[in-house]
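One structure is given here, and the rest of the page talks about it.
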């Protein structure tokens, strides 16, 4: 992808020798002895102050949950801008630190390389394990049903069809009907693709029909309730935009092919928004979805709700990783820590907002406040511990492993989640939105050069 090619290019550029020295132990001693300008690392107190900026951004994001939801275009722009800042910070600050650890005297140290590989593998194992916790599935039932409760009486099986609940026979009959139709459409698709002359239009129509059947069957399995008022209002707004786009197409001359194609792309973007609202609502780590309750209070009449433990663990791990990177980078070079903090500020703001939306729908407000305070505190503690550990861990294989672990985990969040969600919001490859990724990357590199 374009982002992967960009990071590969800058990884190559960052491997060249740099005029600005960082604080490795021997360099710091030489610089202080000569009264030179060798850059020094930040103290634990300075790291805490630096980390407090993104931690405060997360807290403010959580506090603004009762305010209006930002537009999807604004979300996509800021998410791409944040991704560019993070990639630039990794390329200009974190990777050079790791490289110096792997090649302390100009030659590759296989011990440090082995530790870095272990950190690399451990980060991938952790991030894919968190992804396998099925956070989308857990929150899907919460967001599809008002109050997050299942349609059956057993709260322990929230979101799924209750095998002993009332009306289960009717639900089973509907599900059997959807599955039978799905099998018939799949057989029809098989015949179409094995024909001598494949009809592209017919295949496309059949695929969209199968997509509808799969969505309908999944909603039935999840016991989805009727659409709430807020989602219905948003759906009407999206449909009105689609109708407007279609009306514009009606007024166009059929000979203006280019203009029609351009307007069709606009209509397709509106159609994707309609489908996104009508299909289902899932938790996205940086995708704000405010509670359907106007006051932000959960519906206590529906009974107690299950606290999303997996979601809390995932967000806390994200915060710890960001704090660890700020602490490690800042202990080696104070400007590096400040750049990492600036790069994570936007990310943590979105994370705090979307996290608060999900927690407030699942717990009482007093409990939610306590839960929402955990990630910012964990971030501050992780940064302080990482900074303190550098003094006795630098130049050791363990330090190489920690740097590799934190770097890979952060890049995983950027490429596997942040950019993916930004792309889903924008509804296509709009250049004026994609450009924000490179704006963030350029700003990150310029800050590194200036400071």
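Residue numbers (my numbering): 1245 to 1695.
Ideal Cβ placement from N, Cα and C applies to all residues, glycine included.
Quick caveat, the model's predicted, so the values are computed rather than measured.
Check, Outcome
"Is it buried or exposed, residue 1491, if we count other Cβ atoms within 10 angstroms and call 16 or more buried?", "exposed"
"With residue 1579 as the anchor, note down where its alpha helix (DSSP H) starts and where it stops.", "1578 to 1606"
"Go through its chain and collect everything with a Cβ distance to residue 1660's Cβ below 8 Å, but skip five positions before and after it.", "1371, 1375"
"Determine the DSSP secondary structure at residue 1442, reduced to helix, strand or coil.", "coil"
"Can you check which of these residues, 1287, 1288, 1322, is closest to residue 1665 by C-alpha distance?", "1322"
"Between the C-alpha atoms of residue 1429 and residue 1522, what's the straight-line distance to the nearest angstrom?", "22 Å"
"Reducing DSSP to helix, strand and coil, say where residue 1691 ends up.", "helix"
"Could you tell me if residue 1470 is buried or exposed, where buried requires 16 or more neighbouring beta carbons within 10 angstroms of its beta carbon?", "exposed"
"What does the Cβ neighbour count give for residue 1603, buried or exposed, with the cut at 16 atoms within 10 Å?", "buried"
"Cα-Cα, which of 1478, 1576, 1646 is closest to residue 1316?", "1478"
"Hey, residue 1336 and residue 1692 are a contact pair by Cβ (cut 8 Å); roughly how many whole angstroms apart?", "4 Å"
"Would you mind sorting residue 1591 into buried or exposed? The rule is 16 or more other CB atoms within 10 Å of its CB.", "buried"
"Return the chain-ordered list of same chain residues with a C-beta closer than 6 Å to the C-beta of residue 1633, the five sequence neighbours on each side being excluded.", "none"
"Here's the rule: buried if 16 or more other CB atoms are within 10 angstroms of the residue's CB, otherwise exposed. What is residue 1677?", "buried"
"Would you give the residue range spanned by the alpha helix (DSSP H) that residue 1626 belongs to?", "1618 to 1637"
"If we ignore side chains and look at the alpha-carbon of each, how far apart do residue 1342 and residue 1648 end up?", "7 Å"
"Does any heavy atom of the ligand SAM sit closer than 6 Å to the C-beta of residue 1597?", "With respect to the ligand SAM, the structure offers nothing, as it holds no ligand at all."
"Is the region 1557 to 1574 touching the region 1614 to 1626, taking contact as three or more C-beta pairs under 8 Å?", "yes"
"Taking Cβ to Cβ, would you say residue 1450 is nearer than 7 Å to residue 1423?", "no"
"Would you report the Cα separation of residue 1517 and residue 1644, rounded to the nearest angstrom?", "44 Å"
"Out of curiosity, what's the CA-to-CA distance linking residue 1240 and residue 1574?", "Here the chain has residues from 1245 to 1695 only, and residue 1240 is not among them."
"Going by other Cβ atoms of all chains shown within 10 Å of its Cβ, with 16 needed for buried, is residue 1285 buried or exposed?", "buried"
"Tell me, please, whether the region 1433 to 1443 touches the region 1493 to 1505 by the rule of three or more beta-carbon pairs shorter than 8 Å.", "no"
"Which whole runs of the alpha helix (DSSP H) in the region 1447 to 1496 are 4 residues long or more, in chain order?", "1473 to 1494"
"Suppose the cutoff is 8 Å on Cβ atoms and the five residues either side in sequence are ignored; what does the same chain contact list for residue 1504 look like?", "1493, 1496, 1498"
"Rounded to whole angstroms, what is the Cα-Cα separation between residue 1358 and residue 1646?", "12 Å"
"Give the straight-line distance between the Cα atoms of residue 1596 and residue 1569, rounded to the nearest whole angstrom.", "19 Å"
"Less than 7 Å between the C-beta atoms of residue 1585 and residue 1292, yes or no?", "no"
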